[in-house]
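Asker:
Take a look at the structure:
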């Protein structure tokens, strides 16, 4: 039986990156997405201005009825309202974590910009070469 050192495989070197120097930036109406690749894990910071709504700002890029990306997000600032395809709605506020499954719309509530850090679902989000919204890896 072969024993594999998973700790060594998963992280063989230390790495520090900053959203101040993102690996990639995607801009769209009323917002931008900054991406970092840290050891093969893609983390995104989205800055969404008042007036941003997925169905008007990103849907034309994605070409899907609703956002098909799953998200696991930390909400830094602002209020983001989520409407699931089943009609249910909820707000995500600063200091909260959210897990949002595929099949939703979202928009900024009020006059404060929304800043979120997303640990899942941003690899293809708002990417002009997408066929769909965002297939997560």
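Numbering (full-length UniProt numbering), first residue to last: 1 to 137.
C-beta atoms are modelled at their ideal positions from N, C-alpha and C, and glycine is treated no differently.
Answer with buried or exposed for residue 58, where buried requires no fewer than 16 other C-beta atoms within 10 angstroms of its C-beta.
Answerer: That one is buried.
Asker: Would you report the Cα separation of residue 32 and residue 47, rounded to the nearest angstrom?
Answerer: 6 Å
Asker: For residue 85 and chain D, any beta-carbon pair shorter than 8 Å?
Answerer: Any reference to chain D falls outside this structure, which holds one protein chain only.
Asker: For residue 55 versus residue 118, is the C-beta distance shorter than 8 Å?
Answerer: no
Asker: Pull up the CB-CB distance for residue 19 and residue 53, whole angstroms please, since I reckon it's below 8 Å.
Answerer: No, residue 19 and residue 53 are not in contact; Cβ-Cβ is about 23 Å, not under 8 Å.
Asker: Below 8 Å on the Cβ atoms is my contact criterion, and I expect residue 70 with residue 102 to pass it. Report the Cβ-Cβ distance as a whole number of Å.
Answerer: Sure, about 5 Å apart at Cβ, within 8 Å.
Asker: Please give me, in chain order, every unbroken run of the beta strand (DSSP E) with length at least 3 that falls completely inside the segment 24-53.
Answerer: You should have 24-28, 31-38 and 41-48.
Asker: For a test of the three-state rule: what should DSSP assign to residue 19, helix, strand or coil?
Answerer: coil
Asker: Using a Cβ-Cβ cutoff of less than 7 Å, which residues in the same chain neighbour residue 17 once the five nearest sequence positions on both sides are dropped?
Answerer: 36 and 38
Asker: For the beta strand (DSSP E) containing residue 106, list its first residue and its last residue.
Answerer: 104-109
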